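Going line by line, the protein sequences match chains A and Y. So the first sequence is residues 52 to 346, counted in the working numbering. So the second sequence is residues 480 to 621, counted in the working numbering. The C-beta atom is built at its ideal place from N, Cα and C for all residues, glycine as well. Since the model is a prediction, treat every value here as computed from it, not as a measurement.
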Amino acid sequence: MANTKEIRTKIRSIQSTQKITRAMEMVAASKMRKTHESMRKAKPYARYILEVAMHIAKSHSEYRHPYLEKKGEVKQIGIMIVSSDKGLCGSLNVNVFKKVLGMIREWLQQGTHVKLCLLGKKANTFLGRKGFFKGVKGNLSVVSSLARLGDRPAVADLLGAVRVMLDAYEADELQRVYIASNTFVNTMSQHPRVEQLLPIPSLEDKKLSHHWDYIYEPAAAEILDALFVRFIESQVYRAVVENIASEQAARMVAMKSASDNAEGLIDECLLLYNKARQASITRELSEIVGGAVAI
Amino acid sequence: MSKTIQVEIVSSEESIFSGSCEMVSLVGVLGAMSILPGHAPLLSLLVPGAVRLQISGEEEYCYISGGILEVQPHMVIVLADTAIRAHDLDEAKALEAKGEAKKMMAERGAEFDYSLVESQLAQAAAQLHTLQRLRKKLKKKS
């Protein structure tokens, strides 16, 4: 039987680990509330910008913006992969990577070039793993990457990465752009999702009953450019914020189960400890009794 | 005709203002303007500046760093930017993101070399190990 001191130190170390996981759980819970709030705050902008874009599309049918135009042959594809900066959040990032890698493999098999934009540190380290690109047959490259976004990223932080993709799209170096991230379903479940960013899908499907002849200041094309760029940016921002909310939720759940497991381990160790203690007392007693009999 | 107009000022990070006003004054790329109820539908780009809102005789201000203005018959929507936008500024940020990617690819190369060396080392170690064993066996036999 293991000696009591050994078990005691083990219990103590598990307890200190449990303290850490408890603290992380609570931190994640409070951060989740905050990011959830900023997710909610970002909603009206996305709604209004879509509304304005639809108004324009409706009243200005002769002008076709390149972001709406479907391009014929798809030779090159851009994918923005959103991930978290930190680990310890369950299978959150792995789920996204799995989904995206499956799609990438399919495209590569069809001979399509895939260009990646990596947001968040985990995507960097995952794709930076040794020999990752070596095992991939086909044309895959990373065109831009952005890490250390923190818990509350500003739109301004994302602009660079988005611009790289938009420039490539405008120069016809990319025919489609996707974004892969987690969607926040609820605290317990987050789903990986791959969405098409460009060309903007089905804007005109939603019917509007009214339209107006606008006065444009300056020209319509210029306003549309600014509008669609912001639309894409707001989409990316939303994906990033939603991913952070998912990250915090996943971490909270992971840390909760870690704390619970620690509790179970401590119980087991305690039982072992008590048994060991009992055994040593019994042994001592029998020794004393044995000694007394001998006298 | 109604005397007030619904105004929504939103940025992608938060909703800045939402309510009805008698007049909104803002600065567009072609100059300052004031929107009164019943204004014709208008789309305009805005430059960084203050937005002045007149609410029941009192004035309120908020600052936006550019954006887009849409005037509908019964509603004014201001899509405010969260940061000052300029093409060259965006370009600089884009370059930064590209540089980061290049750096990552370069580092990945270094890491790959490292792993290669690591595997070679493991192989060599294994060979040594077997050699030592063989030697021991031979010694025992002799």
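Can you tell me which of Y:Glu493, Y:His553 and Y:Ser490 puts its alpha carbon nearest to the alpha carbon of Y:Leu521? Counting from one through the second sequence, the residue named residue 521 of chain Y turns up at place 42. Minimum Cα-Cα distance from Y:Leu521 among the listed residues Y:Glu493, Y:His553 and Y:Ser490 corresponds to Y:His553.
Span separating the alpha-carbon of A:Pro250 from that of A:Lys121: Taking the first sequence and counting its residues from 1, the one referred to as residue 250 of chain A is at position 199. Taking the first sequence and counting its residues from 1, the one referred to as residue 121 of chain A is at position 70. Rounded to the nearest angstrom, the two C-alpha atoms are 6 Å apart.
Runs of 4 residues minimum, wholly inside the region 142 to 217 of chain A: which ones carry the alpha helix (DSSP H) assignment? 143 to 160 and 172 to 178
Of all the options A:Gln329, A:Leu101, A:Leu209 and A:Asp318, which has the alpha carbon lying nearest to the alpha carbon of A:Met131? Walking along the first sequence from the start, residue 131 of chain A turns up at place 80. Minimum Cα distance to A:Met131 is reached at A:Leu209.
Decide if the region 234 to 251 of chain A is in contact with the region 290 to 301 of chain A; the criterion is three or more beta carbon pairs, one per stretch, under 8 Å apart. Using a C-beta cut-off of 8 Å, the region 234 to 251 of chain A makes contact with the region 290 to 301 of chain A, since at least three inter-stretch Cβ pairs fall below that distance.
Spatially closest choice to A:Glu57 from A:Ser67, A:Arg180, A:Cys320 and A:Glu335, by CA coordinates: As a working note, residue 57 of chain A is residue 6 in the first sequence. Nearest C-alpha to A:Glu57: A:Cys320.
By the three-class DSSP mapping on this structure, what secondary structure does A:Gln241 have? On the first sequence, position 190 is the one that residue 241 of chain A refers to. Strand, per DSSP.
Pair every Cβ in the region 489 to 506 of chain Y with every Cβ in the region 527 to 544 of chain Y, then say whether three or more of these pairs are closer than 8 Å. yes
With which residues is Y:Ala559 paired in a DSSP beta bridge? Against the second sequence, residue 559 of chain Y aligns to sequence position 80. Y:Ser490 and Y:Gly546, per the DSSP bridge assignment.
If you follow the alpha helix (DSSP H) that A:Asn294 is in, where does it begin and where does it stop? As a working note, residue 294 of chain A is residue 243 in the first sequence. For A:Asn294, the uninterrupted alpha helix (DSSP H) segment begins and ends at Ala271 to Ala345.
A:Ala251 (DSSP reduced to helix, strand or coil): On the first sequence, residue 251 of chain A is found 200 positions in, with the first residue counted as 1. Here residue 251 of chain A turns out to be Ile, not Ala, going by the sequence shown. Residue state, collapsed to three classes: coil.
Our contact map puts Y:Asp569 next to A:Arg214 with C-beta atoms below 8 Å; I'd like the distance itself, whole angstroms only. Locating residue 569 of chain Y in the second sequence gives position 90, counting from the first residue. Locating residue 214 of chain A in the first sequence gives position 163, counting from the first residue. That pair is a contact at about 5 Å.
Spatial neighbours of A:Ile332 within its chain, please: CB distance less than 8 Å, with the 5 preceding and 5 following residues excluded, ordered by chain position. As a working note, residue 332 of chain A is residue 281 in the first sequence. The answer is none, since no qualifying residue turns up.
Within 8 Å, strictly: CB atoms of Y:Lys577 and A:Val194: Counting from one through the second sequence, the residue named residue 577 of chain Y turns up at place 98. Counting from one through the first sequence, the residue named residue 194 of chain A turns up at place 143. Contact: yes.
Exposed or buried, A:Met216, counting other C-beta atoms within 10 Å across all chains shown (16 or more means buried)? Along the first sequence, one-based indexing puts residue 216 of chain A at 165. Answer is buried; the Cβ neighbour count reaches 16.
Rounded C-alpha distance that separates A:Phe177 from A:Trp158: The residue you call residue 177 of chain A lines up with position 126 of the first sequence. The residue you call residue 158 of chain A lines up with position 107 of the first sequence. Taking the straight line from one Cα to the other gives about 20 Å.
Rounding to the nearest angstrom, what Cα-Cα distance links Y:Met480 and A:Ile266 in this structure? As a first step, residue 480 of chain Y must be located in the second sequence, where it is residue number 1. As a first step, residue 266 of chain A must be located in the first sequence, where it is residue number 215. Summary for Y:Met480: the model assigns pLDDT 48, below 50, so the residue's position carries little reliability; its value from the coordinates is reported in the next sentence. Approximately 21 Å between the Cα atoms of the pair.
Determine the DSSP secondary structure at Y:Glu527, reduced to helix, strand or coil. Stepping through the second sequence from its first residue, residue 527 of chain Y is reached at position 48. Sequence inspection shows Pro at residue 527 of chain Y; the Glu mentioned does not correspond to that position. If DSSP states are grouped into helix, strand and coil, Y:Pro527 belongs with the strands.
Taking Cβ positions, are Y:Ile556 and Y:Leu525 nearer each other than 8 Å? Counting from one through the second sequence, the residue named residue 556 of chain Y turns up at place 77. Counting from one through the second sequence, the residue named residue 525 of chain Y turns up at place 46. Contact: no.
The beta strand (DSSP E) spanning A:Val127 covers which residue range? Within the first sequence, residue 127 of chain A is the residue found at index 76, counting from 1. Looking at the sequence provided, one finds Gln at residue 127 of chain A rather than Val. First-last of the beta strand (DSSP E) with A:Gln127: Gln127 to Val133.
Helix, strand or coil: how does DSSP classify Y:Ser535 here? Taking the second sequence and counting its residues from 1, the one referred to as residue 535 of chain Y is at position 56. Y:Ser535: coil per DSSP, three-state reduction.
Stretch-stretch touch, CB-based, cutoff 8 Å, three pairs: the region 216 to 229 of chain A with the region 122 to 142 of chain A: yes
So, is the C-beta of A:Lys70 closer than 8 Å to a C-beta in chain Y? For this step, residue 70 of chain A is matched to residue 19 along the first sequence. No, A:Lys70 lies away from the interface with chain Y (no Cβ there is under 8 Å from its Cβ).
Identify which residue in A:Asp202, A:Arg199 and A:Gly179 has its Cα closest to the Cα of A:Leu350. Absent from the model: residue 350 of chain A. The displayed extent of chain A is 52 to 346, so no value can be given.
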